[in-house]
Amino acid sequence: MTLLKTTINNIKTIQKQYNKAVASKLQGCGSLIDILSDYMAIKNTCTPEKLKKAAIITCADHGVAALNVSAYPQKATMDMTRNYLISKGAVANAMTNFSCADMSVVDMGIAGDMSDVPNLLNKKIALGTNNFTTGPAMTHEQAIQALETGITMAEEAIANGYNCFLLGEMGIGNTTASAAIASCICNISPEKATGRGTNISDKRLENKIAIVKKALAVNAPDSNDGIDILSKIGGFEFGCLSGIILGAASHSCLVILDGFNTAAAALIAQALCPASTHYLMPSHLAGEPAHKASLQKLGLEPYIDLKLQLSETAGSSVIARFIDLSIDLFTQDQPINIDSDYQNNKLASNNITLNKNIMELCQKRLDNLTKPVNSLGKFEEIALYLSGALDKVQPTFADVKINKIKLLPYILNISHCLKKPIENISIAEQVGLILIDGSLHMLNDMKTFAEAAVAIANDGPGAQKQNYN
464 MTLLKTTINN
474 IKTIQKQYNK
484 AVASKLQGCG
494 SLIDILSDYM
504 AIKNTCTPEK
514 LKKAAIITCA
524 DHGVAALNVS
534 AYPQKATMDM
544 TRNYLISKGA
554 VANAMTNFSC
564 ADMSVVDMGI
574 AGDMSDVPNL
584 LNKKIALGTN
594 NFTTGPAMTH
604 EQAIQALETG
614 ITMAEEAIAN
624 GYNCFLLGEM
634 GIGNTTASAA
644 IASCICNISP
654 EKATGRGTNI
664 SDKRLENKIA
674 IVKKALAVNA
684 PDSNDGIDIL
694 SKIGGFEFGC
704 LSGIILGAAS
714 HSCLVILDGF
724 NTAAAALIAQ
734 ALCPASTHYL
744 MPSHLAGEPA
754 HKASLQKLGL
764 EPYIDLKLQL
774 SETAGSSVIA
784 RFIDLSIDLF
794 TQDQPINIDS
804 DYQNNKLASN
814 NITLNKNIME
824 LCQKRLDNLT
834 KPVNSLGKFE
844 EIALYLSGAL
854 DKVQPTFADV
864 KINKIKLLPY
874 ILNISHCLKK
884 PIENISIAEQ
894 VGLILIDGSL
904 HMLNDMKTFA
914 EAAVAIANDG
924 PGAQKQNYN
């Protein structure tokens, strides 16, 4: 029996349900109750174990990138992979620093020689996929190879003590593949499945939609056959992520999804083994239009709304930190209670005068960090506000702590991004500070395009805002 079949056969069905013990201990903790309940169901335990987090970033190129579906040139895949491991200035670096996860980066099919990059796991299947508007993206055998690579990576991580996986990916053109996958599996039109990805222009979006339509018409993937979908309209990095999901599920380990691309990988895993979805946790609702339908197909509902538009563990890192917090609260001696005074007497909003000049400088830095413009949503809003409130282009978490009393109304307001509200002032403060910590890791740990030597946008708003100055 093949590794893929053996792995699928080992995945058990579980039931996630409302945990009365968690609800009783964490009264007033809103979505934290659901997050911890789901985690304990996945681990089948009444005493949750601490997370040991493995963040895996899979990288590969797509033949369809030659058809101008992104705001960035294809070389950005190579540039960003080097950024992860040499400059260490990408979103994934900042967010794994924030979540205390150990990050691995794997070359599943980058279209170039990456032998000079230290610590890059070389699992290259080919120099990118084929252009799927003229035929399948890869062979059936290559699809299985990608899946089994992911399974093996998950098993190796679990053998080393990891019990939680944060998924991320990099590959110019991959949201085109995700749109095709979601359109096929979720039975939605290419127009509704296809979004702006790296923040492309209207003209390029029209082209992208037409390409998704053509890919589906040319290949006619079977929506019930995960390998057929992956081979015809997927990518090598998607196959690896799907394999990680299957491998983790076979050992009852948690996988926290990130943005739209990781959801597309989960859809493929679901098509191969429906029970694999039981070991998934969502994070945020991304800006891509098909992300909501994808999560609904997976039976998942996001816990937070951060307006994120990329999949480099930004959302999954937040959920991992929330699990850490929830475990700490659950295992402490005293239960948490609803704070009626906080509910009835919400603190007044800040009357802090913001330094607009400092904020302009902060905005320029945010626009030129190695990511698409405005792709980090709420994190960028938080960083911008704090720069103006604290008169520093790059404020630190220590600055926030020193000024916590002054900033408290703002800190508490940040917790409202959770789907279910926090009803305890102390917990709301801790949630707000976690999100601020993530935002400031982004602002201070990331590198600019110039610092990391990464290609800038050539389309959409990024083409006007990003530069090497």
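The sequence shown begins at 464 in the numbering used here and counts up by one.
All C-beta atoms, glycine included, are put in the ideal place defined by N, C-alpha and C.
**Prompt:** Nearest chain C C-beta to I890 closer than 7 Å, yes or no?
**Reply:** Going by chain labels, chain C is absent from the structure shown, which holds only one protein chain.
**Asked** Is the distance from the Cβ of G697 to the Cβ of A600 below 7 Å?
**Response** yes
**Asked** In chain order, what residues of the same chain lie with their CB nearer than 6 Å to the CB of M566, ignoring the 5 residues before and after it?
**Response** A518, T559
**Request:** Please check the pair M577 and A523, which I expect to be a contact at CB under 8 Å, by giving their CB distance rounded to whole angstroms.
**Result:** Not quite, the Cβ-Cβ distance comes to about 11 Å (not below 8 Å), so this is no contact.
**Prompt:** Just the Cα atoms here: how many angstroms apart are N670 and T540?
**Reply:** 21 Å
**Opening and closing residue of the beta strand (DSSP E) in which D570 lies** = 565-572
**Asked** Start and end of the beta strand (DSSP E) containing K516?
**Response** 516-523
**Request:** Using a threshold of 7 Å, state whether the C-beta atoms of I588 and F699 are closer than that.
**Result:** yes
**Prompt:** Leaving out five residues before and five after L898 in sequence, what residues of the same chain have Cβ atoms less than 6 Å from its Cβ?
**Reply:** I877
**Asked** Which residues bound the beta strand (DSSP E) around E632?
**Response** 627-633
**Those residues which DSSP pairs with T911 across a bridge** = L832
**Extent of the continuous alpha helix (DSSP H) to which L467 belongs** = 466-472
**Asked** What number of angstroms, rounded off, separates the C-alpha of N814 from the C-alpha of T725?
**Response** 40 Å
**Prompt:** E775 bridges to which residues according to DSSP?
**Reply:** G631
**Message:** Distance check for H747 and A738, CA to CA, integer angstroms please.
**Reply:** 22 Å
**Message:** I believe P752 touches L758 by the beta-carbon criterion, under 8 Å. Please report the beta-carbon distance rounded to the nearest angstrom.
**Reply:** So it is not a contact: roughly 12 Å between Cβ atoms.
**Prompt:** Distance, Cα to Cα, A915 vs G631?
**Reply:** 19 Å
**Prompt:** Can we count E775 as close to the ligand FAD, meaning its CB is less than 6 Å from some heavy atom?
**Reply:** Ligands are entirely absent from the displayed structure, and the ligand FAD is therefore not among its contents.
**Asked** Do you know how far the Cα of F723 is from the Cα of R659?
**Response** 12 Å
**Message:** Can you check which of these residues, T859, L709, E844, is closest to I474 by C-alpha distance?
**Reply:** L709
**Prompt:** Would you say A529 and G925 are within 7 Å of each other, going by their C-beta atoms?
**Reply:** no
**Asked** Any contact of the region 901-908 with the region 507-518, i.e. 3+ C-beta pairs under 8 Å?
**Response** no
**Item:** Length of the line joining the Cα atoms of I505 and A920
**Value:** 41 Å
**Prompt:** What span of residues does the alpha helix (DSSP H) with I696 cover, start to end?
**Reply:** 689-696
**Beta-carbon proximity check, D721 vs T776, cutoff 7 Å** = yes
**Request:** Examine the Cβ distances between the region 541-556 and the region 600-614 and report whether three or more of them are shorter than 8 Å.
**Result:** no
**Asked** So, helix, strand or coil for M744, using DSSP?
**Response** strand
**Asked** Which parts of the region 534-615 are runs of the beta strand (DSSP E), unbroken and 3 residues or longer, counting only runs that do not cross its ends?
**Response** 565-572
**Prompt:** Just checking, does the region 877-889 make contact with the region 474-483 on the three C-beta pairs under 8 Å criterion?
**Reply:** no
**Request:** Using three-state DSSP, classify I708 as helix, strand or coil.
**Result:** helix
**Request:** Report yes if the CB atom of L717 is closer than 7 Å to the CB atom of A729, and no otherwise.
**Result:** no
**Prompt:** Does DSSP classify I919 as helix, strand or coil?
**Reply:** coil
**Request:** Hey, could you find the ends of the alpha helix (DSSP H) L668 is sitting in?
**Result:** 665-682
**Prompt:** The beta strand (DSSP E) with I719 in it runs from where to where?
**Reply:** 717-719
**Message:** My output table needs one value for I885: the three-state DSSP class, helix, strand or coil.
**Reply:** coil
**Prompt:** Taking F912 as the reference, which of S500, D542, D791, I498 has the closest Cα?
**Reply:** D542
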